[in-house]
Structure formats: C-alpha cells, structure tokens
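For what it's worth, our numbering labels the leading residue of the sequence shown as 697, then goes sequentially. Even for Gly, the Cβ is constructed at its ideal location relative to N, Cα and C.
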Amino acid sequence: MAAVAQTIIAGLTLGLAGHVSPWRDPVSDYAWHRGGRLLFTVAILLLLAAAAALAVAARLAALPRDPLVSTLFLLWTAGLAVVLVFRSNSSAADPTVSGEIHRAGGAVLFASLPLAAWTLSARLRTEPRWLAAAPALRR
C-alpha cells in the first residue's frame, strides 16, 4: 500500500513537473492541478491503510508497547488525516484557515514519523527478543 502511494506521488511529481516543484512546493500542491486532487487523496488513503496494517502487524509481532511510540504513530496518522481533510493554501501569499490547519497537520506528520521510528528502534534494541535484529535497527 505504501509503495503504491509512493508510486502515485512519484507519478504526480513527473507528470506535474512544470507546475509543482518538488524542491520548493509542498507535496499537497499536486491537489491544485488537474487530476492531482484525486490521486493525492488516493495516496493519502493508501498511507492511512498502511498505517492500520502496521498497527495490526505490530500487535501480531508482539512488539513491546511503549506509550511514546504509540502516541507518535497516532500523531502521524492524525497528521495524514488532517492533510487529507483540510485543503492547502493555493498560495503562500493568500493563507486560509483551512490551509494553515493543513500546514500544521503536515508539520505534525513529517515530524512525528521519524521520531516514532527512532523511538521504536531504540526501544527494540533493549528487548531480548529483538537483539538479533539490533544491528539493522541501528542503521
């Protein structure tokens, strides 16, 4: 699911290269161009489905529960949902309430996922059941 979402965003990046700069513009700007809104929405929904699948997989793998890790992953999914529900600003010079909420959701999702992964990997390195995976977790 996440790979398909990434492929969709890559396709939008290539298809809308003349309109949206991957270096200057937020990824959600694809939604302002023809066909982009639907594809962007599908990509976000796929990421939310992947998040649900990861939660189930974590439970099945008996990952140790850590409230901080859970909170950070929950913030990531909440940020994705906010980005999906609230439309971005059409221009940085013309901010809207919806656009600013969208920006805040983006900040939360982009900050929380790396912190969640880092916190989880640090936690797993101390768990005897996960010592065999510790070298890969340090990368």
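Assigned exposure category for residue i - 16 Cβ within 10 Å defines buried
i	result
valine 801	The question names valine, but residue 801 is glycine in the sequence shown. Under this definition glycine 801 is a buried residue.
threonine 773	buried
serine 786	exposed
valine 716	buried
Under the three-state DSSP convention, the category residue i falls into
i	result
phenylalanine 782	coil
histidine 715	coil
glutamate 796	helix
leucine 759	coil
arginine 821	coil
arginine 720	coil
7 Å Cβ shell around residue i - same chain, five flanking residues per side excluded
i	result
glycine 732	Leu708, Leu712, Tyr726
Cβ-based neighbour list, residue i, same chain, cut-off 6 Å, excluding 5 preceding and 5 following
i	result
leucine 816	Val765
alanine 747	Thr773
Nearest to residue i (by Cα), restricted to the options the options
i	options	result
valine 793	Val778, Ile740, Trp814, Glu823	Val778
alanine 699	Arg799, Ser724, Pro810, Ala739	Ala739
leucine 805	Val723, Leu770, Gly775	Gly775
arginine 799	Met697, Arg755, Ala812, Val781	Val781
Inter-residue CB distance, residue i and residue j (contact presumed, cutoff 8 Å)
i	j	result
serine 808	leucine 768	5 Å
8 Å Cβ shell around residue i - same chain, five flanking residues per side excluded
i	result
proline 718	Thr709
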